[in-house]
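Undergrad: Take a look at the following structure, please.
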């Protein structure tokens, strides 16, 4: 049996940036590159999250459903556990690249574009985009994202992308389909007012402003709890979702997280998802919610554990066995699908599976946000082949196809 020593503290594109920021002592905050060796060993200083919820908010789910109607008019509450469907299409991280979003939706034959009119033609297909639709920039050393030269090419498309996926979900529901957008760590960072990965154009051009400070101020107001886009995210973005036997989550749901939060049932999973959404909407003020989101390397929005496992490792290998066995058993699922960790940079891979097909990684770094780190692009203007637009298609709940504009290949163990 072959064993792998993983770098679970992998910062975002650490192989290229090499830098880590020190953790702020002033507030609960987390940068994508902020995985320090002295990270707290335990997520909570208090009782486990589910136990706290049961005591402080015993009717959390039903209360949220009622409040949701008022806070999110014209939106229907969607539970995080859904029955299996005929076809699921899953997209990786978009990171402010509007053309990538359109390309993925087009090559998967889900939309028809007629000028500014984008029409859903995917019928009853379910789409799951795994989060991080926003934040076009990647800081590098002293080149912060407020520097106009840091992001090239740049664009101010974050809001446009958020609204695109929201609108397509509304269209898809009329045909029996869904376009489900997950909550990623970069949506969370914006809600918390952390804009260190927002590009220059995303700041200066926000809400039609033309200066940096006004743009930052207006963006903060719009994305904060109760703000226009903070509310949009809370009403429409899911922390995680299970469809049939497939669990979709931005970074990963791993056994240590299950143990530390004391998740024991499918109802506990719904409580977790509801609590996070209620926190974003300003409906609860639970200290432990922010700790779940930002306070541990096992966070479902930040962990690199399963995103950095080498491809085709067996399920009996300790790195798989110790991290996903309980998750698979608890939720009675066959696979976990994640984004967050760009496979083309970490493993020089396309979308891929590991742990005997129980883990799928769908973020292959296609966004132009990563082009400055692509040696092929720098030297020739052509992206590395593994960064081409790709998506995962799941048919009949358990058939997996890696697809691009040319065609599809079925995954077989």
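Residue numbers (the working numbering): 6 to 418. Quick reminder that beta carbons are idealized off the backbone N, C-alpha and C, glycines included. Model, not experiment: these values are computed from the prediction.
#1: Name, in chain order, the residues that DSSP records as bridge partners for residue 307.
#2: For residue 178, which residues does DSSP report across the bridge?
#3: In chain order, what residues of the same chain lie with their CB nearer than 8 Å to the CB of residue 112, ignoring the 5 residues before and after it?
#4: Cutting at 6 Å between CB atoms, please list the residues of its own chain near residue 258, excluding the five before and the five after it.
#5: Can the beta-carbon of residue 293 be found less than 7 Å from the beta-carbon of residue 57?
#6: Let me know if residue 353 comes out buried or exposed under the rule of 16 or more other beta-carbons within 10 Å of its beta-carbon.
#7: Using only alpha-carbon positions, find the residue among 93, 176 and 138 that is nearest to residue 124.
#8: Looking at the unbroken alpha helix (DSSP H) that takes in residue 273, where does it start and where does it end?
#9: In its own chain, which residues sit with a C-beta less than 6 Å from the C-beta of residue 283, not counting the 5 before and 5 after it?
#10: Would you report the Cα separation of residue 417 and residue 358, rounded to the nearest angstrom?
#11: Using the Cβ count rule (16 or more neighbours within 10 Å means buried), how would you classify residue 383?
#12: Measure the Cβ-Cβ separation of residue 349 and residue 392 and say whether it is below 7 Å.
#13: In angstroms, rounded to a whole number, what distance separates the CA positions of residue 104 and residue 138?
#14: On the DSSP letters alone, give me the boundaries of the alpha helix (DSSP H) that residue 192 sits inside.
#15: Quick one: Cα of residue 314 to Cα of residue 53, how far?
#16: Can you grab the Cα-Cα spacing for the pair residue 403 / residue 250, in whole Å?
#17: Along the beta strand (DSSP E) that carries residue 253, what are the first and last residues, could you check?
#18: Among the residues of its own chain, which have a CB less than 6 Å from the CB of residue 87, if the five just before and after it don't count?
#19: Assign residue 397 to one of three DSSP states: helix, strand, or coil.
#20: Quick check on this structure: which residue in 346, 311 and 244 has the alpha carbon closest to the alpha carbon of residue 85?
#21: Alpha carbon to alpha carbon, how far is residue 398 from residue 93?
#22: Would you list the residues sitting across from residue 376 in a DSSP beta bridge?
#23: Helix, strand or coil: how does DSSP classify residue 117 here?
#24: How many angstroms separate the CA atom of residue 345 from the CA atom of residue 286?
#25: If you follow the beta strand (DSSP E) that residue 405 is part of, which residue opens it and which one closes it?
#26: Shortest alpha-carbon distance to residue 133 belongs to which of 174, 81 and 229?
#27: Count the other C-beta atoms from every protein chain shown that fall within 10 angstroms of the C-beta of residue 231, then say buried if there are 16 or more, exposed otherwise.
#28: Please determine if the segment 212–226 and the segment 261–281 are in contact, where contact requires at least 3 C-beta pairs separated by less than 8 Å.
#29: So the alpha helix (DSSP H) residue 134 belongs to, where does it begin and stop?
#30: To which residues does DSSP link residue 184 through a beta bridge?
#31: Does the beta-carbon distance from residue 262 to residue 202 come in below 7 Å?
#32: Residue 95 by DSSP, collapsed to three states: which one?
#33: Under three-state DSSP, which class holds residue 87?
#34: My assumption, with CB atoms under 8 Å, is that residue 207 sits in contact with residue 161. Please give the rounded CB distance.
#35: How close, in whole Å, do the beta carbons of residue 362 and residue 340 come, if the pair is a contact with beta carbons under 8 Å?
#36: Answer yes or no: do residue 254 and residue 164 have a C-beta to C-beta separation smaller than 7 Å?
TA: This is what the structure gives:
#1: According to DSSP, residue 307 bridges with nothing at all.
#2: Bridge partners of residue 178: none, in fact.
#3: 394, 396, 408, 409 and 410
#4: 305 and 332
#5: yes
#6: exposed
#7: 176
#8: 271–285
#9: 69 and 289
#10: 10 Å
#11: exposed
#12: yes
#13: 12 Å
#14: 190–196
#15: 28 Å
#16: 8 Å
#17: 251–254
#18: 248
#19: strand
#20: 244
#21: 6 Å
#22: Its beta-bridge partners do not exist; DSSP assigns none.
#23: strand
#24: 24 Å
#25: 404–408
#26: 174
#27: exposed
#28: no
#29: Taken as a continuous stretch (DSSP letters only), residue 134 belongs to no alpha helix (DSSP H), being part of the beta strand (DSSP E) at 131–134.
#30: 132
#31: no
#32: strand
#33: strand
#34: 5 Å
#35: 7 Å
#36: no
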